[in-house]
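Engineer:
Number of protein chains: 2
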Amino acid sequence: MTITSFHPPRRTLMGPGPSDVSERVLQAMARPTVGHMDPTFIGMMDEVKTLLQYAFQTKNELTFAVSAPGSAGMECCFANLVEPGDKVIVCQNGVFGGRMQENVERCGGIAVMVYDDWGTVVDPQKLEAALLENPDAVLVAFVHAETSTGAQSDAKTLVALAHKYDCLAIVDAVTSLTGSPLLVDEWEIDAIYSGSQKCLSAPPGLSPVSFNARAAEKIQQRSTKVQSWFLDLNLVMGYWGGEGKRAYHHTAPVNCLYGLHESLVIVQDEGLGNSWARHQQNHLALRAGLEEMGIGFLVPEQDRLPQLNTVYIPDGVDDALVRSRLLNEFDLEIGAGLGALAGKVWRIGLMGHASNQKNVDFCLNSLRAVL
Amino acid sequence: MTITSFHPPRRTLMGPGPSDVSERVLQAMARPTVGHMDPTFIGMMDEVKTLLQYAFQTKNELTFAVSAPGSAGMECCFANLVEPGDKVIVCQNGVFGGRMQENVERCGGIAVMVYDDWGTVVDPQKLEAALLENPDAVLVAFVHAETSTGAQSDAKTLVALAHKYDCLAIVDAVTSLTGSPLLVDEWEIDAIYSGSQKCLSAPPGLSPVSFNARAAEKIQQRSTKVQSWFLDLNLVMGYWGGEGKRAYHHTAPVNCLYGLHESLVIVQDEGLGNSWARHQQNHLALRAGLEEMGIGFLVPEQDRLPQLNTVYIPDGVDDALVRSRLLNEFDLEIGAGLGALAGKVWRIGLMGHASNQKNVDFCLNSLRAVL
């Protein structure tokens, strides 16, 4: 049987990511491929670095995009910072804290878990209690913006606690980057990772990361090799890093980086403050419409991520049927619940390019039609 | 300083990869992003799998594209198949055998190295001697098509030797897939990885892999967890695999997979045999022209890869200057030597879409003009 070219439908992506990709970014993806050591490409990588420093609000030299999706960005942080035997306090309040535990353990570390209910934020008091009980801990890891629940934890406070007890902090910012305030230097975050396909609205496949000097020092002083050759920052930075000559490490995903570059130029042109405000404004509009329909939020108001609205599925409503009708009749994707929340909630994203009044209205009207 | 959109030059890519990407594939990359769990996308993934089975000439169920470049495909094979303490015989005849050794050791395995000169093929007699000396070895790894030298080893014979001594074989086919004969099932290769940016002529960022039933069984019977969560095949296959329900693992690089799909449709439409013959024919044309210019090959004729021509830099010629003039005056990229061959050779690729008579003539004329 002969297979023919694939022509995807044009969806409106209002799930937990990927979000809608603008025509500008899609067209950037289609520009001619150049070599991964081409001087023009190296120049573009430098610009991606500068633009990511702006998006993360950091001066960290070690700021770049891992050549793989967000899960690999997470692994890059853990594989480089965790040595066998290291004790790591992991705060879990959703799916992705559990993935952090997996990462710690697969790196030979010892994960001490601090649990909070799904839909609530990480409780700083519980973290402090764990730090007091585990004076030998060297790292704290938590999710700033839980993509599985839509809860936003207080990263600044949690990082300060980690530092008070001589730990470095690894922060998951997959869903927060450019969608809500995130200040890597001001909050003194040591290592952070994100994804290209959330509020940046580039296609999935790249994971922006940033490491400060303390994190870089821990990596340089490792007594064991990083277990992943592909993610070993000592090697990757020879390609992405510093001034002077670049060394071949792996072949970067050239066209994906074109897309990320374009999405970051859009962020720069809008301005971070405007981007945060836009996400908040569209969240409020969506909230008003949902509340009119009697649909309630999982997360308490003050802890909600504007870019990811997790709402209870109304009683008696068939989860899968509604999502499938939205997809098939309206070309509208909203997200299902993950893990313990499967079947109980929907996750409605208003991320990046997809965060606009037109989408808010479209989503509300489509939901009204289907329910 | 404001950064603006990036507009790459239009190069002719005749290095060791990435190779020229056709307009068809570039346009596929720019199609609208859909969700990574969208039924239409899942259907496309199934087609990618079918098309990769054709390209690899295999019926292996476990055939898919790792969501990251070839280096991660290599790591996927080693991280899944090597358990701590496993002895692995690694044949090295260029840069990438050395990277295999790094992978084995970072997975806690013991690498027994078998060396051959760069530019020559892996010597089956040396491999057999190593297998006899190491009856406790469980894996053999080698590079089918050494991207650093252009030498093509006899994969069928090497795999048969591995099996004779009860080892599984991991094969690097980054540069051979669709460019020269590669028969995964007939040669009984247990695990194999490639890259999207060589003879497939898709942009870099994806790594096609395939594992047979013996390899899958070894992975399922591991007594330790795979050290990489991102690359753990037990988890990845819940997303890519089998019939029935797909489980979320990571967010696939949606638009990159559009590109790979299109490139595989092109391979299917041309036919593998025609593709191999075209690569051979253009290699012969390039060889004739280079020999006329007095430029000689590193690799003995019978062992040469048609898609990667490694030639000696003529005496007295400034390597960097020539490559930079080709790039700046002709928008033509050819490859530098890697590792021990840096400054001694050029690597001229005729891969995939870039393997055509026009490019052969263009490369020869440009070289003549510059030398």
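Listed in order, the protein sequences are those of chains A and B.
Counting in my numbering, the first sequence runs from 63 upward without gaps.
Counting in my numbering, the second sequence runs from 63 upward without gaps.
Glycine included, every Cβ here is placed at the ideal spot set by N, Cα and C.
Computed from a prediction, not measured in an experiment: that's the story for all the values here.
Could you tell me which chain B residues have their CB closer than 8 Å to the CB of A/E250, listed as they occur along the chain?
Structural biologist: Locating residue 250 of chain A in the first sequence gives position 188, where the first residue counts as 1. Per Cβ cutoff of 8 Å: no residues; A/E250 is ~26 Å from chain B at best.
Engineer: Counting only Cβ-Cβ distances shorter than 7 Å, please list the residues of the segment 130 to 153 of chain A near chain B, keeping chain order.
Structural biologist: If the cut-off is 7 Å between Cβ atoms, the segment 130 to 153 of chain A has A130, P131, G132, S133, A134 and E137 near chain B.
Engineer: From the DSSP output, in three-state form, read off A/S269 for me.
Structural biologist: By 1-based counting over the first sequence, the position of residue 269 of chain A is 207. Strand, per DSSP.
Engineer: Considering Cα atoms alone, identify which of B/G321, B/L295, B/S325 and B/H323 is closest to B/H469.
Structural biologist: Because chain B here runs from 63 to 433, residue 469 of chain B falls outside it and cannot be looked at.
Engineer: Considering only their Cβ atoms, is the gap separating A/A207 from A/S258 smaller than 9 Å?
Structural biologist: The residue given as residue 258 of chain A occupies position 196 in the first sequence. The residue given as residue 207 of chain A occupies position 145 in the first sequence. Not closer than 9 Å, so no.
Engineer: Please report how far the alpha carbon of A/W180 lies from the alpha carbon of B/S272, in whole angstroms.
Structural biologist: On the first sequence, position 118 is the one that residue 180 of chain A refers to. On the second sequence, position 210 is the one that residue 272 of chain B refers to. Distance between the alpha carbons of A/W180 and B/S272 is about 38 Å.
Engineer: What first and last residue would you give for the alpha helix (DSSP H) that runs through B/G300?
Structural biologist: Within the second sequence, numbered from 1, the residue matching residue 300 of chain B stands at position 238. First-last of the alpha helix (DSSP H) with B/G300: L295 to W302.
Engineer: Does B/M175 have its Cβ less than 9 Å from a Cβ in chain A?
Structural biologist: If you number the second sequence from 1, residue 175 of chain B lands on position 113. Chain A, which has no Cβ nearer than 9 Å to the Cβ of B/M175, makes this no.
Engineer: Let me know the secondary structure DSSP gives A/T64 once reduced to three states.
Structural biologist: Stepping through the first sequence from its first residue, residue 64 of chain A is reached at position 2. A/T64: coil per DSSP, three-state reduction.
Engineer: Please confirm if the segment 96 to 111 of chain A is in contact with the segment 230 to 249 of chain A, defined as three or more CB-CB distances below 8 Å between the two stretches.
Structural biologist: Cβ pair count under 8 Å is below three, so no.
Engineer: Over what stretch of residues does the alpha helix (DSSP H) that includes A/T219 continue unbroken?
Structural biologist: As a first step, residue 219 of chain A must be located in the first sequence, where it is residue number 157. Per DSSP, A/T219 belongs to the alpha helix (DSSP H) from A217 to K226.
Engineer: Along chain A, which residues have their Cβ under 7 Å away from the Cβ of B/I65?
Structural biologist: Locating residue 65 of chain B in the second sequence gives position 3, where the first residue counts as 1. What B/I65 touches in chain A: E109, T112, L113, V327 and Q330.
Engineer: Between B/K218 and chain A, is any beta-carbon pair separated by less than 9 Å?
Structural biologist: As a position in the second sequence, residue 218 of chain B is number 156, starting the count at 1. For B/K218, the answer is no, since every Cβ of chain A falls outside 9 Å of its Cβ.
Engineer: Can you confirm whether A/L383, when its beta carbon is compared against all beta carbons of chain B, has any partner nearer than 9 Å?
Structural biologist: Along the first sequence, read from residue 1 onward, the residue named residue 383 of chain A stands at position 321. Cβ-Cβ to chain B under 9 Å: no for A/L383.
Engineer: So, under 8 Å CB-CB, B/L268 and B/L322 are touching, yes? Tell me the CB distance rounded to an integer number of Å.
Structural biologist: Here residue 268 of chain B corresponds to residue number 206 of the second sequence, with the count starting at 1. Here residue 322 of chain B corresponds to residue number 260 of the second sequence, with the count starting at 1. Rounded, the Cβ-Cβ distance is 5 Å, consistent with contact.
Engineer: In chain order, what residues of the same chain have a beta carbon less than 8 Å from the beta carbon of B/L183, not counting five sequence neighbours either side?
Structural biologist: Numbered from its first residue, the second sequence carries residue 183 of chain B at position 121. Per the sequence shown, the amino acid found at residue 183 of chain B is Val instead of Leu. Counting only Cβ-Cβ distances below 8 Å, and skipping sequence neighbours, we find N155, A213, Q214, S215, D216 and D365.
Engineer: Beta-carbon separation of B/L348 and B/V384 under 9 Å?
Structural biologist: Here residue 348 of chain B corresponds to residue number 286 of the second sequence, with the count starting at 1. Here residue 384 of chain B corresponds to residue number 322 of the second sequence, with the count starting at 1. No; because the gap between Cβ atoms is not below 9 Å, this pair is not in contact.
Engineer: Does A/R387 have its Cβ less than 9 Å from a Cβ in chain B?
Structural biologist: Here residue 387 of chain A corresponds to residue number 325 of the first sequence, with the count starting at 1. It does not; no Cβ of chain B falls within 9 Å.
Engineer: Taking Cβ to Cβ, would you say A/Q330 is nearer than 9 Å to B/I65?
Structural biologist: Numbered from 1 along the first sequence, position 268 holds the residue referred to as residue 330 of chain A. Numbered from 1 along the second sequence, position 3 holds the residue referred to as residue 65 of chain B. Cβ distance < 9 Å, so A/Q330 and B/I65 count as in contact.
Engineer: Do the segment 188 to 196 of chain A and the segment 139 to 153 of chain A make contact, defined as three or more Cβ pairs closer than 8 Å?
Structural biologist: Yes, the segment 188 to 196 of chain A touches the segment 139 to 153 of chain A.
Engineer: Looking at the secondary structure, which residues open and close the alpha helix (DSSP H) in which A/R168 lies?
Structural biologist: Your numbering for residue 168 of chain A matches position 106 in the first sequence. It spans V157 to R168 - the alpha helix (DSSP H) in which A/R168 sits, taken as one unbroken run.
Engineer: Please confirm whether A/R366 has its beta-carbon closer than 9 Å to some beta-carbon of chain B.
Structural biologist: Reading the first sequence from its first residue, position 304 is the one you call residue 366 of chain A. With 9 Å as the cut-off, A/R366 does not count as an interface residue toward chain B.
Engineer: From the DSSP output, read off the bridge partner residues of A/G411.
Structural biologist: As a working mapping, residue 411 of chain A is identified with position 349 in the first sequence. A/L370, per the DSSP bridge assignment.
Engineer: Tell me whether A/Q289 is buried or exposed, calling it buried when 16 or more other Cβ atoms sit within 10 Å of its Cβ.
Structural biologist: For the purposes of this step, residue 289 of chain A is identified with residue 227 of the first sequence, where counting begins at 1. So A/Q289 ends up on the buried side.
Engineer: Would DSSP call A/I375 helix, strand or coil?
Structural biologist: On the first sequence, position 313 is the one that residue 375 of chain A refers to. Reduced to three states, the DSSP call for A/I375 is coil.
Engineer: Skipping 5 residues on each side, what residues in its chain have a beta carbon closer than 6 Å to that of B/I410?
Structural biologist: Translated into the one-based positions of the second sequence, residue 410 of chain B becomes position 348. Excluding sequence neighbours, B/I410 sits near M76, N371 and I396.
Engineer: Mapping DSSP to helix, strand and coil, what is B/K149?
Structural biologist: Position 87 of the second sequence, counting from 1, holds the residue named residue 149 of chain B. In the structure shown, B/K149 sits in a strand (DSSP, three-state: E or B).
Engineer: Which of the three DSSP states is assigned to B/Q343 in this structure?
Structural biologist: Here residue 343 of chain B refers to the residue found at position 281 of the second sequence. Three-state DSSP puts B/Q343 in a helix.
Engineer: Leaving aside the five residues before and after B/L293 along the sequence, list all residues of the same chain whose C-beta is less than 8 Å from its C-beta, in chain order.
Structural biologist: Taking the second sequence and counting its residues from 1, one reaches residue 293 of chain B at position 231. So the qualifying residues of the chain are V128, A134, E137, C138, A141 and N142.
Engineer: List the endpoints of the continuous beta strand (DSSP E) containing B/D234.
Structural biologist: In the second sequence, residue 234 of chain B corresponds to position 172, counting from 1. Its beta strand (DSSP E) spans residues L230 to D234.
Engineer: So the beta strand (DSSP E) B/T74 belongs to, where does it begin and stop?
Structural biologist: The residue given as residue 74 of chain B occupies position 12 in the second sequence. Counting along the chain, the beta strand (DSSP E) containing B/T74 begins and ends at T74 to M76.
Engineer: Terminal residues of the continuous alpha helix (DSSP H) containing A/M355?
Structural biologist: Here residue 355 of chain A refers to the residue found at position 293 of the first sequence. No alpha helix (DSSP H) contains A/M355, which DSSP labels as neither H nor E.
Engineer: Mapping the DSSP letters down to three states, classify A/V288 as helix, strand or coil.
Structural biologist: Residue numbering aside, residue 288 of chain A sits at position 226 when the first sequence is read from its first letter. In this structure, A/V288 counts as coil in the three-state DSSP scheme.
Engineer: Report the rounded CA-to-CA distance for B/A264 versus A/L220, giving the unit in angstroms.
Structural biologist: Residue numbering aside, residue 264 of chain B sits at position 202 when the second sequence is read from its first letter. Residue numbering aside, residue 220 of chain A sits at position 158 when the first sequence is read from its first letter. Using only the alpha carbons, I get a separation of about 43 Å.
Engineer: With 9 Å as the threshold, decide whether the Cβ of B/W291 is near any Cβ in chain A.
Structural biologist: Position 229 of the second sequence holds residue 291 of chain B. Answer yes: the Cβ-Cβ gap between B/W291 and chain A drops below 9 Å somewhere.
Engineer: Where does B/T102 sit, in a helix, a strand or coil, going by DSSP?
Structural biologist: The sequence position of residue 102 of chain B within the second sequence is 40, counting from 1. The answer is helix: DSSP assigns B/T102 an H, G or I state.
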